[in-house]
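*Asks:* Supplied in structure tokens, the structure appears directly below.
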Amino acid sequence: MAAVLNPPPPVLPQTPWQRLRVVLEMIKIEHTLFALPFAFLGALLAAKGGLPTGAQVFWILVAMVGARSAAMAFNRLVDRDYDAKNPRTKMRALPAGLISVRFVTGFTVATSALLVLAAYMLNPLAFALSPVALAVVFFYSLTKRFTAWSHAWLGLALSIAPVGAWVAVRGSLEWTPLLLAAAVVCWLIGFDIIYALQDVDFDRGAGLNSVPAKFGAARALWIGRLAHVAMVGFLVLVGLSAGLGAWYYAGIALAAALILTEHVIIRPDDLRRLNIAFFNINSVVSAGLLVFTALDLFL
Numbered sequence: 005m006a007a008v009l010n011p012p013p014p015v016l017p018q019t020p021w022q023r024l025r026v027v028l029e030m031i032k033i034e035h036t037l038f039a040l041p042f043a044f045l046g047a048l049l050a051a052k053g054g055l056p057t058g059a060q061v062f063w064i065l066v067a068m069v070g071a072r073s074a075a076m077a078f079n080r081l082v083d084r085d086y087d088a089k090n091p092r093t094k095m096r097a098l099p100a101g102l103i104s105v106r107f108v109t110g111f112t113v114a115t116s117a118l119l120v121l122a123a124y125m126l127n128p129l130a131f132a133l134s135p136v137a138l139a140v141v142f143f144y145s146l147t148k149r150f151t152a153w154s155h156a157w158l159g160l161a162l163s164i165a166p167v168g169a170w171v172a173v174r175g176s177l178e179w180t181p182l183l184l185a186a187a188v189v190c191w192l193i194g195f196d197i198i199y200a201l202q203d204v205d206f207d208r209g210a211g212l213n214s215v216p217a218k219f220g221a222a223r224a225l226w227i228g229r230l231a232h233v234a235m236v237g238f239l240v241l242v243g244l245s246a247g248l249g250a251w252y253y254a255g256i257a258l259a260a261a262l263i264l265t266e267h268v269i270i271r272p273d274d275l276r277r278l279n280i281a282f283f284n285i286n287s288v289v290s291a292g293l294l295v296f297t298a299l300d301l302f303l
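Using my numbering, the first residue of the sequence shown is number 5, and each one after it goes up by one.
Below, the structure is given as structure tokens:
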């Protein structure tokens, strides 16, 4: 009976490789595939048919790594009590005891400093806006406590990637990156609503908010579809603003077809293909838009 009431302690990572794997899992490094293509898309558009310099690309990449890592670590830090109660997330590094609160706090501070350093190396405007970027990505982690529209806040956090990359290359703000940011916000709302479907019961029981928890799965999916329609509209406006051509619009058509597939394979009562819809399809959407935009600019 004692063995049942007192389960064995978690096996702590011993080797540097094991510790690195724990950290990479904590920050969901694979989800960089969502944001990084949009960052480079913003940089390409800012370069006006040319290419960003090698130094700009390097520091944009450093800034992205710093911002995402800090945001994810902070999210794990403030949500650790909820994660421990949720059957889906209770084996994450912090609630499972694989990593300490002290380490994650230090990691958050260090990666935040990395973003600020990268912004400083890029240009004065990027440096001045870096605290704003950190405030936005940190604030998202608190939004499920008071609003069902936390998906929009997450979209706003992700939309910093193309805007920040534009500022890094151009040193100024214009309408094109803001329209691209709006497209990213709508895209994120749509697929994060799908992701949130798996936590509806837990969110309601824990007093957390989301569109599916508030409106139910069927209505939430329709809200996600409308957000994705708006995303396509903003992408068209980006093309008009930047004077892009046929290759770019072919990329939009591909993205729209993939997103349609995403909504076809997910139903309120059938989430078996949720990982395909959430991760696989959306990774191709962002990468595909980058590739087709590059083809348009250079061909």
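Glycine residues also receive a C-beta, built at the ideal position from the N, C-alpha and C atoms.
All values derive from a computational prediction rather than experimental measurement.
In this structure, how does DSSP classify D273 when only helix, strand and coil are distinguished?
*Replies:* Correct three-state label for D273: coil.
*Asks:* Within the chosen definition, does the segment 15–35 reach the segment 132–148 through at least 3 CB pairs nearer than 8 Å?
*Replies:* Cβ pair count under 8 Å is below three, so no.
*Asks:* Return yes when the Cβ of G159 is within less than 9 Å of the Cβ of C190, no when it is not.
*Replies:* Taking 9 Å as the Cβ cut-off, C190 and G159 qualify as a contacting pair.
*Asks:* Any idea if S176 is buried or exposed, counting beta-carbon neighbours within 10 angstroms, 16 or more meaning buried?
*Replies:* That one is exposed.
*Asks:* Report yes if the CB atom of D300 is closer than 9 Å to the CB atom of W251, and no otherwise.
*Replies:* Yes, they are a contact pair.
*Asks:* Is P91 buried or exposed, if buried means 16 or more other CB atoms sit within 10 Å of its CB?
*Replies:* It counts as exposed.
*Asks:* How would you write the range of the alpha helix (DSSP H) that T109 sits in, first residue to last?
*Replies:* It spans V105 to L126 - the alpha helix (DSSP H) in which T109 sits, taken as one unbroken run.
*Asks:* Pull up the CB-CB distance for A74 and L119, whole angstroms please, since I reckon it's below 8 Å.
*Replies:* So it is a contact: roughly 6 Å between Cβ atoms.
*Asks:* Determine the closest residue to G247 out of L49, V26, L146 and E29, with distance taken between C-alpha atoms.
*Replies:* When each option's Cα is compared against that of G247, the closest is L49.
*Asks:* By DSSP, does W191 sit in helix, in strand, or in coil?
*Replies:* Of the three classes helix, strand and coil, the one that applies to W191 here is helix, per DSSP.
*Asks:* May I ask you to report which of helix, strand or coil DSSP gives I285?
*Replies:* Helix at I285.
*Asks:* On the premise that S134 lies in contact with A117, defined as a C-beta separation below 8 Å, what is that separation, rounded to the nearest angstrom?
*Replies:* Incorrect: roughly 10 Å between the Cβ atoms, too far for contact.
*Asks:* Considering K218, what are the terminal residues of the alpha helix (DSSP H) in which it resides?
*Replies:* Run containing K218: V215 to F219, per the alpha helix (DSSP H) assignment.
*Asks:* Can you give me the Cβ contacts of P181 inside the same chain, cut-off strictly under 6 Å, excluding the 5 residues immediately before and after it?
*Replies:* Around P181: G46, P166, V167 and W170.
*Asks:* What is the residue span of the alpha helix (DSSP H) that D87 lies within?
*Replies:* Residues R84 to K89.
*Asks:* Below 8 Å on the Cβ atoms is my guess for A60 versus L126; work out the distance and round it to an integer in Å.
*Replies:* With the sequence shown as reference, residue 60 is identified as Gln, and Ala is not the correct amino acid for it. So it is a contact: roughly 7 Å between Cβ atoms.
*Asks:* Pick helix, strand or coil for A7, following the three-state DSSP scheme.
*Replies:* In this prediction, A7 scores a pLDDT of 44, lower than 50, which makes its location untrustworthy; the coordinate-derived value is nonetheless stated afterwards. DSSP places A7 in helix when its eight states are reduced to three.
*Asks:* Taking the alpha-carbon of I256 as reference, which of S104, F238, I270 and L225 has the nearest alpha-carbon?
*Replies:* Of the listed residues, the one whose Cα sits closest to I256 is F238.
*Asks:* Does any C-beta atom of chain B lie closer than 9 Å to the C-beta of L146?
*Replies:* Here there is only one protein chain, and chain B is not present.
*Asks:* Report yes if the C-beta distance between S214 and A200 is below 9 Å; otherwise report no.
*Replies:* In contact: S214 and A200 (Cβ atoms closer than 9 Å).
*Asks:* What first and last residue would you give for the alpha helix (DSSP H) that runs through T36?
*Replies:* Where T36 is concerned, the enclosing alpha helix (DSSP H) stretches over T36 to A50.
*Asks:* G168 lies in the alpha helix (DSSP H); which residues open and close that run?
*Replies:* Looking at the DSSP string, the run of the alpha helix (DSSP H) that includes G168 is S154 to R174.
*Asks:* Using 8 Å for Cβ pairs, my map puts A234 next to F296. What's the rounded Cβ distance?
*Replies:* Wrong, their Cβ atoms sit about 20 Å apart, outside the cutoff.
*Asks:* At what residues does the alpha helix (DSSP H) containing F206 begin and finish?
*Replies:* Its alpha helix (DSSP H) spans residues V204 to A210.
*Asks:* Measuring alpha carbon to alpha carbon, tell me which residue in I270, G101, V27 and T36 is nearest A161.
*Replies:* It is T36 whose Cα lies nearest to the Cα of A161.
*Asks:* In whole angstroms, what is the alpha-carbon distance linking I164 and A152?
*Replies:* For I164 and A152, the distance between alpha carbons rounds to 21 Å.
*Asks:* Answer with buried or exposed for G58, where buried requires no fewer than 16 other C-beta atoms within 10 angstroms of its C-beta.
*Replies:* Exposed is the call here.
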